[in-house]
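Residue numbers (my numbering): 13 to 510.
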């Protein structure tokens, strides 16, 4: 326990969503840990559909999970006390300290969120009592002038915890000088005073070409540029719909894996380990014409299974998937995708939103029926695939889903205690387990099986856990950012605000 002084802290804010805040925070967590400090991440409010279940069975945003892993510590729900999971264009499921508080329209949550400040501060202060450094991530932009009055995640939070701020801009999208200058200009004087430095992120090219611009930026903002971070080709889990992988339309590898990009896709990080296998080309599909003739179709998780099932039906992808399955293409459904593969989906109490009392037919590729209930399953599990083409693969994963599924048929896997989980029927597989590929064993089994079906030799790959692979990537990220940032200045800045 750190009982002498509260932790030092540094906050990373961005000029926009996707400016690279999460990766910069991940890098700082790794760097401080490498420097021998006890470091923890923190983000007061996260909006994302990629979530994670802690050992205690509590739900939190995946960005802070990744940052905790980079820091070498166990993810803790205090690191992300509020998680908003959008279930429509105007409303979200509100999760506080890992448990569901209900679904709220945006306007209702905007009024409600002030009540959460004590819980945010309690989570932060308890972490600050245990660690040497807290790396805080902002959200979106601090210059959203229509939202600043009740801000609890950017400058509002920085004031509450007395945090200095690094402001990061994304040069890869262009206009980085306008991004940074405009953001600073829209802040109040006391907010500008918290910014200890500017960071240019995702730069490709010769930094010397930037120098005149950096000097002018410093003159106009009266703030130092503390680093130009290069565009780093690292493979680290993304948290939201801005993830570059979701735009992947084609990959030239031996085996073609098509993931259906549902409108409310969640936990697509389940498939990151597949992308790392030399034989597996993972691409994301939103329309029938793009599906082609893949070697495997994956239906991923979703925050709203019934609405996304209707989308699948209305845009013609359902018919394409059924045609491919009838022709012998394997299909895998995970969580909401698993539910869609069943015979029926019922929502008697309107748990999922606007389809209260409705029962929809599923794709009927698996002999299962799902009924949605208000209770949310959150649990971590270990399992083994007992038979079939993927037999013997050991899995570690977690369940996050609403509803129960009645199964008639062969289970996909068996949990550690022998309980059957999921369903398999011929070449169609369904499971509730997120993270099913993380051990590496199922990835290799799947790749070898798909290669053999095509009559090609399996490409040699040693099973490696996703966690071990991520640890290597954290070091690559930290090395690149360490060399780009003025770390002595950042350490001084943290000490000044202590």
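Positions of the beta carbon are idealized from the N, C-alpha and C atoms, including for glycine.
Check                                                                                                                                                             : Outcome
Based on Cα-Cα distance, which residue from 494, 466, 312 lies nearest to residue 305?                                                                            : 466
Could you pull out every unbroken alpha helix (DSSP H) segment of at least 4 residues lying fully inside the segment 251 to 310, listed in chain order?           : 284 to 287, 300 to 303
Reducing DSSP to helix, strand and coil, say where residue 156 ends up.                                                                                           : coil
The alpha helix (DSSP H) that contains residue 417, what's its start and end?                                                                                     : First-last for residue 417: 406 to 419, but that is the beta strand (DSSP E), not the alpha helix (DSSP H).
If you draw a straight line from the C-alpha of residue 347 to the C-alpha of residue 427, how long is it?                                                        : 16 Å
Skipping 5 residues on each side, what residues in its chain have a beta carbon closer than 7 Å to that of residue 15?                                            : With a pLDDT of only 47 at residue 15, under 50, the local geometry of the prediction cannot be trusted, and the value read off the model is given with reservation. Nothing meets the Cβ criterion.
Using C-beta distances below 7 Å, list every residue in its chain close to residue 114, excluding the 5 sequence neighbours before and after it, in chain order.  : 106
Compute the Euclidean distance between the alpha carbons of residue 496 and residue 448, then round it to the nearest angstrom.                                   : 36 Å
Once the 5 residues before and after residue 129 are set aside, which same chain residues still bring their CB inside 8 Å of it?                                  : 164, 172
Among all the DSSP beta bridges, which residues are the ones paired with residue 140?                                                                             : Bridge partners of residue 140: none, in fact.
Per DSSP, what are the beta-bridge partners of residue 180 in this structure?                                                                                     : 26, 211
Return the Cβ separation of residue 42 and residue 249 in integer angstroms, given the expectation that the two are a contact with Cβ distance under 8 Å.         : Going by Cβ atoms, the distance from residue 42 to residue 249 rounds to 14 Å, so no, they are not a contact pair.
When burial is assigned at 16 or more other CB atoms within 10 Å of the CB, is residue 371 buried or exposed?                                                     : exposed
Going by alpha carbons, who is nearest to residue 265 out of 462, 26, 486, 80?                                                                                    : 462
Grab me the residues of residue 405's own chain with a C-beta within less than 6 Å of its C-beta, minus the 5 sequence neighbours each way, in chain order.       : 397, 453, 454, 457
Quick one: grab the DSSP three-state call for residue 468.                                                                                                        : coil
Are the CB atoms of residue 313 and residue 349 nearer to each other than 8 Å?                                                                                    : yes
Which whole-angstrom value is the C-beta distance of residue 125 and residue 162, which I expect to be below 8 Å?                                                 : 7 Å
With a threshold of 16 other CB atoms inside 10 Å of the CB of residue 234, please say whether the residue is buried or exposed.                                  : exposed
Got a sec? Which residues, its chain only, sit under 8 Å from residue 291 by beta carbon, not counting five neighbours each side?                                 : 265, 266, 267, 459, 462, 463, 470, 471, 473
Can you tell me the Cβ-Cβ gap for residue 391 and residue 69, rounded? I've got them flagged as a contact below 8 Å.                                              : 6 Å
Kindly confirm or deny that the segment 50 to 58 and the segment 220 to 233 touch, where touching means at least three C-beta pairs closer than 8 Å.              : no
Can you tell me the Cα-Cα spacing of residue 139 and residue 183, whole angstroms?                                                                                : 33 Å
Using the DSSP secondary-structure output, state which residues sit across from residue 53 in a beta bridge.                                                      : 147
For residue 195, list the residues DSSP reports as bridge partners.                                                                                               : Per DSSP, none; premise fails for residue 195.
Mapping DSSP to helix, strand and coil, what is residue 509?                                                                                                      : coil
Go through its chain and collect everything with a Cβ distance to residue 489's Cβ below 7 Å, but skip five positions before and after it.                        : 35, 38, 39, 42, 244, 246, 248
If I follow the unbroken beta strand (DSSP E) through residue 395, where does it start and stop?                                                                  : 380 to 396
Report all residues from its chain with a CB closer than 8 Å to the CB of residue 215; omit the five preceding and five following residues, and keep chain order. : 183, 184, 222, 240, 241, 242, 243
Measuring CB atoms only, is the segment 474 to 483 touching the segment 429 to 445, in the sense that at least three cross pairs come out at less than 8 Å?       : no
If you follow the alpha helix (DSSP H) that residue 126 is part of, which residue opens it and which one closes it?                                               : Per DSSP, residue 126 belongs to no alpha helix (DSSP H) and is neither H nor E.
Residue 376: which of 399, 322, 334, 385 sits nearest, CA to CA?                                                                                                  : 334
Do you know how far the Cα of residue 501 is from the Cα of residue 13?                                                                                           : Because residue 13 carries a pLDDT of 44, less than 50, the predicted location of this residue cannot be relied on, and the following value inherits that uncertainty. Approximately 27 Å between the Cα atoms of the pair.
Exposed or buried, residue 468, counting other C-beta atoms within 10 Å across all chains shown (16 or more means buried)?                                        : exposed
Please classify residue 319 as buried or exposed, where buried requires at least 16 neighbouring CB atoms within 10 angstroms.                                    : buried
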